[in-house]
Ligand SMILES: Nc1ncnc2c1ncn2[C@@H]1O[C@H](COP(=O)(O)OP(=O)(O)OP(=O)(O)O)[C@@H](O)[C@H]1O
């Protein structure tokens, strides 16, 4: 049984369609990329899973049980963590305080242990743990947003557009850290990204969305080798 199964998901904002039939499954421990350009429906899909937008149709299942109507705070308790597009760290709080907030469902000892793990993944955050999050660079804020989401020990991590607006060298570094996290922890990840080349280098499988629905899916290897995908998404002829 997959950890998460999404079937024919429809999200509507009044007359505007956020998604128009998205379907996929995520197995425990696997990283899946959700690839699409601006407005393809990536964020709407993640927000629907999190219970942050009402859904107009479709089915979402967590370990076989329907979660369509589960509220966001209970989604977190199921073991789903989220790092939103645009990072959204708490700018007036320190790095350490931001991380602590991410672990609020956990005991003090668990928070301490997890923070130490986050500092091992992100040594820059250790150096800056007393610094206001608002004074961090964009890349450091992205690292903090990832660390904050992982503080709750999620089994599934939803990561929305981590590469957005960051210099290529920082994006590369974040990719290395994601691969390290993947190798260390048994955590499933949905990586929503416009940067298809980068996302396919991290995820083992991907679903490509256009106008709110699936247009292609496969292993990253298959997608990288497909001439259609190469010219449309990877800019390779
Ligand atoms: N709160 C909202 N109110 C109205 N329309 C919305 C809202 N949020 C998203 N939309 C619309 O839903 C569609 C899908 O948007 P969504 O943000 O899910 O796409 P995306 O793939 O995440 O794109 P991006 O990378 O630009 O965030 C778009 O047409 C968008 O304008």
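In UniProt numbering, the protein residues as written are 1 to 237.
From the three backbone atoms N, C-alpha and C, an ideal C-beta is built for every residue, glycine too.
For clarity, every value in this text was computed on a predicted model and none was experimentally measured.
*Considering only residues of the same chain and omitting the five flanking positions on each side of residue 158, which have a CB-CB separation below 6 Å?*
Short of 6 Å from the beta carbon of residue 158, and not among the five residues preceding or following it, lie these beta carbons of its own chain, in chain order: 46, 82, 190.
*Taking C-alpha atoms, which residue in 154, 195, 177, 102 lies nearest to residue 28?*
Looking from the CA of residue 28, the closest CA among 154, 195, 177, 102 belongs to 154.
*Identify the continuous beta strand (DSSP E) that holds residue 17 and give its terminal residues.*
Per DSSP, residue 17 is one residue of the beta strand (DSSP E) stretching across 16-26.
*Run the proximity test for residue 38: is its beta-carbon closer than 7 Å to any non-hydrogen atom belonging to ligand 1?*
Yes, the beta carbon of residue 38 sits closer than 7 Å to at least one heavy atom of ligand 1.
*Leaving out the 5 sequence neighbours to the left and right, which residues in its chain are closer than 7 Å to residue 85 when beta-carbon positions are compared?*
43, 160, 161, 164, listed in sequence order.
*Which of the three DSSP states, helix, strand or coil, is assigned to residue 233?*
For residue 233, the three-state secondary structure derived from DSSP is helix.
*Identity of the residues DSSP links to residue 83 by a beta bridge*: Answer by DSSP bridge pairing, in chain order: 159.
*How close, in whole Å, do the beta carbons of residue 152 and residue 106 come, if the pair is a contact with beta carbons under 8 Å?*
That belief holds up - the Cβ atoms of residue 152 and residue 106 are roughly 7 Å apart, short of 8 Å.
_If you follow the alpha helix (DSSP H) that residue 60 is in, where does it begin and where does it stop?_
Careful: residue 60 lies outside any alpha helix (DSSP H), inside the beta strand (DSSP E) at 55-62.
_Judging by CA-CA distance, which residue of 133, 122, 198, 139 is the nearest neighbour of residue 101?_
Considering only 133, 122, 198, 139, the residue with the shortest C-alpha distance to residue 101 is 133.
*Taking the beta strand (DSSP E) that residue 175 falls in, what are its first and last residues?*
No beta strand (DSSP E) contains residue 175, which is instead part of the alpha helix (DSSP H) from 168-184.
*Between residue 49 and residue 141, what straight-line distance do the alpha-carbon atoms span, to the nearest angstrom?*
Their backbone Cα atoms lie some 24 Å apart in a straight line.
*Three-state secondary structure (DSSP) at residue 65?*
If DSSP states are grouped into helix, strand and coil, residue 65 belongs with the strands.
*What residues are listed by DSSP as bridge partners for residue 129?*
Beta-bridge pairing links residue 129 to no other residue.
*Confirm, please, whether the CB-CB distance from residue 174 to residue 139 is below 8 Å.*
In this structure, residue 139 lies near residue 174, with their beta-carbon atoms less than 8 Å apart.
*asked:* Taking its Cβ as the centre, do 16 or more other Cβ atoms sit within 10 Å of residue 212, making it buried, or is it exposed?
replied: Under this definition residue 212 is a buried residue.
*Going by the CB atoms, is the gap between residue 178 and residue 202 shorter than 8 Å?*
Between residue 202 and residue 178, the C-beta spacing is below 8 Å.
_Span of the beta strand (DSSP E) around residue 31_ = Here the beta strand (DSSP E) through residue 31 covers 31-35.
*Buried versus exposed, by CB contacts within 10 Å (16 or more), residue 113*: With fewer than 16 other Cβ atoms within 10 Å, it is exposed.
*Going by the beta-carbon positions, is the gap between residue 60 and residue 3 smaller than 8 Å?*
No. Outside cutoff.
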